[in-house]
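Everything below concerns the one structure shown next.
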Amino acid sequence: MRMLVIGDIVGRPGRRAIKEMLSEIKDRYAVDFTVANGENAAGGRGINREVTDELLSSGIDVLTMGNHVWDNKEIFDLIDDQPRLIRPCNYPPGTPGRGYNIFETPTGRIAVINASGRVFMDALECPFYKVNEILEDLKGQWDICLVDFHAEATSEKRAFAYYFDGRVTAVLGTHTHIQTADEAILGGGTAYITDLGMTGPTDSILGMNKEQVIKKFLTQRPVRLEVAKGSVQIQGVFLEISDADKRVVKIERFSQDRKL
Ligand SMILES: [Fe+2]
Ligand SMILES: [Fe+2]
């Protein structure tokens, strides 16, 4: 099984990067299954029906979310009916949508779990205990399990990865939009990276217009932030998983630009 997991897709430039570069990357790695974080896919904030459909028909199999999940109100009309859209699992009971799902593929059953960190983020339920509970419930139901851990603090992300090392196939960090260079297969066999990076405008501050973000820091007043324009990038990791024992054989980081 050969998979791609792609960092936060930001707005129209991020979708353009997917449209123009994903199929080439999928061909290069002979990819079977692709997961991407879509929390910023519609105008930089949240996701809507049109963008969900566009991304799910452009070669992405599953979309995960994060703290921006509710920013576009259209999500409430689609999240309960879209099994390929996963939101953080550690929201309170009764929250619409699903925090994980299992996908049947010719090479095995793939569980995808999305969880949010709590350090410098909203006070959700404990992601460590919540994912423990989910793994308990899903025992024997998957062959490959990916966790998108959407979190700010490197310490929380690494702690989470080591805590679940050997119990899931991969823990892949999202949310900071900056790709880290610490991809590794941990001692227990779990593939890990602190952050997959961002799929969106390259010349930006986390995908947003630089001047507006700088103005926000300089004035300490609210400034309307828009998605930046110009050249685009796609970032993430490729995972190769043994068909025989479902262990990760390789994790390779990729980052590709398209100059515009
Ligand atoms: Fe994001
Ligand atoms: Fe985020």
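Numbering-wise (the working numbering), the sequence shown opens with residue 33 and increments by one. Note that CB positions come from ideal geometry on N, CA and C, so glycine has one too.
Please list the terminal residues of the continuous beta strand (DSSP E) segment that includes residue i.
i      : result
Lys261 : Premise fails: Lys261 is in no beta strand (DSSP E) and is neither H nor E.
Thr201 : First-last for Thr201: undefined, no H or E at that position.
Asn22  : Nothing about residue 22 can be read from this structure; the chain reaches only from 33 to 292.
Met35  : Arg34 to Ile38
Name the residue from the options whose alpha carbon lies nearest to the alpha carbon of residue i.
i      : options                           : result
Arg290 : Arg48, Val42, Met35 and Ile237    : Arg48
Val37  : Arg77, Gly220, Met153 and Met230  : Met230
Leu218 : Asp227, His207, Thr212 and Gly198 : Gly198
Thr222 : Pro233, Asn69, Ile210 and Ile176  : Ile176
Pro45  : Thr201, Tyr61, Val63 and Leu87    : Leu87
Leu257 : Asn72, Cys158 and Asp64           : Asn72
Asn69  : Ile266, Arg279, Ile283 and Arg190 : Ile266
Gln211 : Asp227, Phe196, Val200 and Ala202 : Asp227
Ala260 : Tyr132, Val42, Lys189 and Lys278  : Val42
Glu136 : Arg130, Asp64, Tyr194 and Gly75   : Asp64
Met153 : Phe181, Gln173 and Tyr161         : Phe181
Trp102 : Ile92, Asp93 and Gly129           : Gly129
Pro138 : Met53, Arg34, Gly91 and Asp85     : Arg34
Glu284 : Ala185, Tyr224 and Ile237         : Tyr224
Leu167 : Ile111, Thr84, Ala213 and Thr201  : Thr201
Gly140 : Ala276, Ala62 and Tyr161          : Ala276
Asp113 : Ser89, Gly91, Thr84 and Ser90     : Thr84
Tyr195 : Ala185, Asp214 and Pro159         : Pro159
If you measure from the CB of residue i, is any heavy atom of ligand 1 nearer than 7 Å?
i      : result
Asn72  : yes
Asp175 : no
Asp85  : no
Asp40  : yes
Along the chain, where does the alpha helix (DSSP H) containing residue i start, and where does it finish?
i      : result
Ala143 : Where Ala143 is concerned, there is no enclosing alpha helix (DSSP H), although the beta strand (DSSP E) it sits in stretches over Gly140 to Ser148.
Arg190 : Thr186 to Phe196
Ligand 2 and residue i: does any heavy atom of the ligand fall closer than 7 Å to the residue's C-beta?
i      : result
Gly172 : no
Asn99  : yes
Contained beta strand (DSSP E) runs [length at least 3] in the segment 52-112, N- to C-terminal order: 65-69 and 94-96
In chain order, what are the residue ranges of uninterrupted beta strand (DSSP E) at least 3 long that sit wholly in the segment 151-183? 176-182
Determine contact between the segment 242-250 and the segment 263-276, defined as no fewer than three beta-carbon pairs at a distance below 8 Å. no
For the segment 221-283, list the alpha helix (DSSP H) runs that are entirely contained and at least 4 residues long, ordered along the chain. 242-251
Hey, is the segment 66-82 in contact with the segment 96-116, meaning 3+ C-beta pairs nearer than 8 Å? Touching, yes.
Is the segment 117-125 in contact with the segment 146-162, if contact means three or more CB pairs nearer than 8 Å? yes
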